[in-house]
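Residues in the sequence shown are numbered from 2 upward in steps of one, following this note's numbering. Think of the CB as a built atom: it goes at the ideal place given N, C-alpha and C, for glycine as much as any other residue. First the structure, in the form of structure tokens, and then the observations on it.
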Amino acid sequence: MTIIRTPEPAEATGAWAEGYAGDLRELGYVPSHTRVMAVNPQAQRAFEDLTRAIAQSIGLRLYELVTLAAAGALRSQACRLAHGRKSRTVFDDAQLERIALDYHAAGLSELEVTAMELAERISRDSTALTEQDTRRLRDLGLTDRQIVDVVLAAAARNYFSRALHALAVPPDVPPDLPDSLREALLTGM
């Protein structure tokens, strides 16, 4: 359990109330990560602006795949569950379960698999990467901007997931997430 003191939704005021209200509208509850990050609303807004800027060039589908891969490599249950839920807007549950269990055998494109592999490598040991790792994305058709944004998507997930780990933020299980999908997202963690 996190040591950060945060108000309950009914007690929230100011920036806390704004953040809580958005999650209550969208999710029906206020996740633990929202409560903790509401302590610094400017940083949370900056992070959200960053992720929107990244997703613009690579699209939501590739952004979510890279995010899921990075979160898995980091063993971030909170981010796997949250982005598993978000990914339901671009994947049906059956394909998302296949992606969570083994994205190599989930019917994804070569580009998508390569981007997910890169996200895992960034998350495990970014110093081991070489020019060839990112050149492969260019060979598969990404522009320089898109290559930067794939790398930034993985790096941004590292930033957020590692912050949640360091602050001992407990993972939330979205109530609308089917049990089989939840289990697939958490397999191996």
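If you check the CB distance, Asp145 and Ile55 do not come in under 7 Å. Relative to the Cα of Tyr104, the nearest Cα in the group Pro179, Thr68, Ala22, Asp177 belongs to Thr68.
DSSP places Val114 in the helix class (H, G or I) of the three-state scheme. Met38: member of the alpha helix (DSSP H) spanning 33-38, first to last residue. Two segments are said to touch when three or more pairs of C-beta atoms, one from each, lie closer than 8 Å; by this definition the region 82-100 does not touch the region 37-47. In this structure, DSSP gives Pro10 a helical state, which the three-state scheme calls helix. Excluding its 5 nearest sequence neighbours in each direction, Pro10 has C-beta neighbours in its own chain below 6 Å: Tyr21, Val31, listed in chain order. Within its own chain, the residues whose Cβ lies closer than 8 Å to the Cβ of Val37, once the five positions on either side in sequence are excluded, are Thr3, Ile5, Thr7, Leu165, Leu168, Val170, listed in chain order.
Residue state for Thr90 is assigned as coil, using DSSP reduced to three classes. When the Cα atoms are used, Ile100 and Leu28 turn out to be separated by approximately 23 Å.
Shortest Cα-Cα distance from Pro176 to any of Leu25, Ala16, Trp17, Thr14 involves Leu25. For a cut-off of 8 Å, the C-beta gap from Arg81 to Leu187 is around 7 Å, short enough to register as a contact.
The straight-line gap separating the alpha-carbon atoms of Arg163 and Leu75 is approximately 8 Å. The three-state reading of DSSP puts Gly73 in helix, counting H, G and I together. In the displayed model, Ala185 falls within a helix according to three-state DSSP. In terms of Cβ geometry, Arg158 and Ala72 form a close pair [threshold 7 Å].
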